[in-house]
Amino acid sequence: MNKSIEISVVVNTCNFEKYIKKCMNSILSQTFDLNKVEILVIDDCSDDETLKILDWYSKKHKNIKVIKSESHIGNQAIVKNLGIHKAVGKYITFLDGDDYFAKTALADLYTQIEEDKINLVLGGLVRVTKKKNIIPWDYKQPFMQLEMLKTSVTENPKILSVLLHKFVGLVNTSFLRESEIKFNEELPIYCSEAFVKQVLIKAKTFSYMPNLVYNYRVRNQDKDVSLSHVHSYEISHEVGKLDAILYEYCQKLNVIKSVYGVINYILVRNAIFRLDYDFNKLPEELKEEVLINYLNLMKRANVYSIRRFNKLNTLIIKLINEENYEQAISLLSVKLSKEYYEERLENLKGRDVKLENVKKSKSWIITSPIRMVKKMYTNIKEQISNPLLLICYFMTKSYYGKKNIWLIGERNDQAEDNGYHLFKYCRTHRPDLNLYYIIDKDAKQLENVKSYGNIIYHSSFKHKLMMLHAKVYISAYHFLTFSFPRPGREFQKKFAKYINAKEVFLQHGVYIHDVSKWTFKEKNPYDLFITSSEYERQYVIKELGYEKQTVKNVGLSRFDNLYKNDVKREILIMPTWRDFLRHQSRKQFVYSEYYRRYNDLINDSRFIEMLERYDLKVNFYIHSEMQRFIDLFNFENERIVIHTKQQASVQNLLKENSLLITDYSSVSADFLYMDKAVILYQFDPEKFHYRPSEYIRYRDMGKVVNEKELVLDELEKFIQNDFKLNAKQSKKAKEIFNVRDRNNCYRTIKSIEEMEIRAN
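Numbering of the sequence shown is given in UniProt numbering, commencing with residue 1 and proceeding in unit increments.
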């Protein structure tokens with residue numbers, strides 16, 4: 001620690017040109033002695049005027065140090081942890097670059113923490129909107145109105161219900177480091193909340209003063225999107241992680257009874273309150289998944305928690321706990337009026353919100369007839385269709401029971417992966433099999449399968465009936481998620497006693513990642529698991545927990561079609577998706593490192609010159625989960641063509657191109673299978689949602705690089721070698737894919753038939 005520096009202020013910025021001056025001026029105008037203050041500004045790769053403004057401040061004030069990130073991190077937890085690491089002050093505090101301090105904030109906090117000789121002091125916060133400043137209702141609770149409060153979380157656990165989203169106070173820097181408390185980098189949304197709660201629990205004794213410290217700017221998310229804004233989908237996943245982390249932390253400190261119940265209540269309360277704002281933005285298929293995530297969270301909620309919820313939230317919790325997702329979705333989908341929310345925030349004063357108040361809101365009244373008709377229609381439809389389905393099932397059981405029905409599918413709008421190729425093979429070479437393909441009636445790729453017959457439209461009555469008669473479900477994806485009649489889990493629950501099919505998993509890509517977190521026997525107990533190589537088979541047996549007889553190394557069905565018949569002098573750029581990016585807004589996405597790296601590559605002058613010199617064309621195709629952003633990539637070169645999933649065949653792209661540039665995509669294995677060159681541009685391995693596999697490694701697939709210049713260096717080498725693999729790479733390809741005879745579909749069908757024989 002630097003003895004002359006009492007306080008380190010860590011400021012995080014990213015494209016805050018409109019707000020950073022007010023932020024910096026609020027620090028520089030403090031009544032506290034600025035000679036004792038260190039201002040650490042960590043900029044997350046701003047590309048507006050933010051850095052220019054910060055440079056001006058740092059030249060005028062020697063106590064300002066600006067740390068510039070070379071690439072966009074996109075995770076405030078990482079940025080703030082860097083601040084903890086770099087800080088030299090006795091105490092530390094944090095300020096977002098679009099927020100600002102009250103004039104006496106540092107002086108008030110410093111005086112209190114020194115007088116009380118403690119490690120932590122907290123202060124007041126207001127939410128700053130365009131119309132007015134609002135004191136959050138949490139801060140209006142009686143115990144928060146005291147002139148001064150010196151307490152602990154065990155004595156006063158209610159303190160955990162406030163100071164949720166921002167750290168508003170001073171904490172001893174040495175105490176943080178010795179306690180190993182950091183912002184959790186797996187919780188980019190809730191990292192501050194986890195940090196505050198861990199500090200409160202660990203500090204034992206702390207002080208709270210009601211003096212205003214922090215002005216929290218609430219930005220208009222329709223016109224001025226904050227980078228921290230995310231959809232309910234990410235929130236539902238992350239709040240579950242936060243709950244687990246804090247539960248474990250409370251266990252270690254033996255404060256489960258006194259503290260954890262309050263924490264769980266706060267998490268559920270705030271998560272459901274956040275749901276109200278953006279639940280309607282989610283795709284229909286994700287809404288149920290969000291509610292299931294909250295159901296798992298609520299399983300730990302105790303009696304204390306449930307008693308304290310207002311009546312609207314209690315109703316939502318009751319519906320979710322009863323797994324009545326349809327009504328919960330309907331209630332959450334009502335967009336409450338803006339005026340109602342403002343009134344709720346301003347006048348709540350710690351009291352329960354009555355359900356009657358919600359029913360008086362404008363949007364509830366306006367949408368009431370629509371909801372009533374929709375509910376009546378749904379109820380009538382269910383009352384008719386469910387018994388009718390069972391009647392039809394029993395009437396046709398003797399007929400279809402002898403047919404040995406197999407159902408196959410991929411994503412509900414897709415027909416191009418392993419499921420499609422196996423279906424095509426069967427309709428051509430094994431027409432004796434009663435195999436039906438499930439796909440949306442309006443899917444663009446319906447044309448791929450329509451001519452083969454045996455098509456079932458997703459969620460049709462025929463689909464539901466065949467689900468009950470089928471003996472085998474086959475998919476390259478999770479069958480329940482993509483191929484059950486909608487809503488999938490509800491159908492599964494209602495008709496569980498009639499569903500007796502075996503499940504076959506074809507996969508949709510070679511396991512070059514460790515997927516044990518998502519795919520393992522206890523979670524997805526497949527009856528037959530198809531792999532592409534012996535390496536992969538060993539991974540599925542040893543790491544995912546499947547029995548040897550369940551896992552068959554017969555090759556992926558789509559590999560039968562991977563023959564090189566018309567390879568062109570073209571380069572395929574095909575980056576995969578990022579879990580943390582797929583539900584971001586378009587404004588947020590253009591600030592991501594993912595966007596910047598690939599947009600820079602296709603616009604690079606050296607890259608363009610290389611295309612001209614060697615007379616090459618580039619095909620650019622990003623993962624289907626990211627394709628809503630594809631028009632944001634900008635370039636002016638006729639040699640580069642952007643493809644979408646609506647008009648391009650992924651397999652044709654793989655077959656026709658001479659070289660692949662990807663990052664972590666398993667299509668690299670398809671390229672290696674064809675003895676073609678791959679460059680893996682892995683600039684963000686720490687952010688990618690899968691860990692690398694130890695069985696088939698990225699470097700086995702191709703050349704791994706992390707910088708654009710290295711991509712171009714490797715590309716030029718391959719071009720000059722006429723895109724040929726070197727001897728080492730060819731040897732590895734033969735080692736991994738030791739059988740390449742275009743009989744994978746044949747072996748897969750044989751394995752399914754053997755599975756049925758074993759079962760009978």
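All C-beta atoms, glycine included, are put in the ideal place defined by N, C-alpha and C.
A quick note: this is a predicted structure, and the numbers were derived from the prediction, not measured.
Around T129, the same chain offers V218 as residues with beta carbons nearer than 8 Å, after the five sequence neighbours per side are excluded.
The three-state secondary structure of F484, taken from DSSP, is coil. Residue environment analysis places R558 among the buried positions, since at least 16 neighbouring C-beta atoms fall within 10 angstroms of its C-beta. Under DSSP, the beta-bridge partners assigned to D96 are N12.
Taking 3 residues as the shortest admissible run, the stretch 462–515 contains the following complete beta strand (DSSP E) segments, listed from N- to C-terminal end: 472–475, 502–505. Excluding the 5 residues flanking it on each side, A476 has same chain C-beta neighbours closer than 7 Å at E410, D417, N418, G419, L506, Q507, H508, in chain order. As the crow flies, the alpha-carbon of L176 is around 24 Å from that of N215. CA-CA distance, S192 to I201, rounds to 14 Å. For K502, the closest alpha carbon among the candidates S666, L710, I541, R758 is that of R758. Within its own chain, the residues whose Cβ lies closer than 6 Å to the Cβ of K703, once the five positions on either side in sequence are excluded, are I679, E714, listed in chain order. Uninterrupted beta strand (DSSP E) stretches at least 3 residues long and entirely within the UniProt domain "Glycosyltransferase 2-like" (8–141) occur at 37–43, 64–68, 91–96, 120–128, given in chain order.
In summary, T644 is exposed, with fewer than 16 beta-carbon neighbours lying within 10 Å of its beta-carbon over all protein chains present. One thing to note: I642 has its Cβ no nearer than 9 Å to the Cβ of L611.
A residue is called buried once 16 or more other Cβ atoms fall within 10 Å of its Cβ, and F394, having fewer, is exposed. Beyond the five residues adjoining it in sequence on each side, T31 comes within less than 7 Å, by CB distance, of K103, T104, A107 in the same chain, given in chain order. The three-state reading of DSSP puts R217 in strand, counting E and B together. DSSP places F683 outside both helix and strand once states are collapsed to three, so it counts as coil. Around the Cβ of N172, a 10 Å sphere holds 16 or more other Cβ atoms; the residue is buried.
Counting along the chain, the unbroken alpha helix (DSSP H) around N599 starts and ends at 593–603. The continuous beta strand (DSSP E) containing I571 extends over residues 570–573. When DSSP states are grouped into helix, strand and coil, R691 belongs to the strand group. Burial check for Y19: the Cβ neighbour count within 10 Å reaches 16 or more, so the residue is buried.
Contact annotation: V667 and L659 have beta-carbon atoms that are not nearer than 9 Å. For N553, the uninterrupted beta strand (DSSP E) run begins and ends at 551–553, by DSSP.
Contact fails between the stretch 560–575 and the stretch 536–548, because fewer than three Cβ pairs, one in each stretch, are under 8 Å apart.
Proximity to V554 across V739, S69, N81, K80 peaks at V739, based on C-alpha coordinates. Between the C-alpha atoms of E17 and L54 there is a straight-line separation of about 9 Å. Taken atom to atom, the span from the alpha-carbon of K687 to that of E185 is near 10 Å. Residue state for S179 is assigned as helix, using DSSP reduced to three classes.
Here E6 is buried. Its C-beta has 16 or more other C-beta atoms within 10 Å. Looking at the backbone, the Cα of L120 and that of A77 are separated by about 20 Å. By the beta-carbon neighbour count (other beta carbons within 10 angstroms, threshold 16), D684 is buried.
For T428, the enclosing alpha helix (DSSP H) has its first and last residue at 418–429.
Segment contact: the stretch 483–492 against the stretch 524–538, fewer than three CB-CB distances shorter than 8 Å; contact not assigned. Judged by their CB atoms, L51 and G123 are not nearer to each other than the 9 Å cut-off.
Around the CB of P575, 16 or more other CB atoms lie within 10 Å, so the residue is classed as buried.
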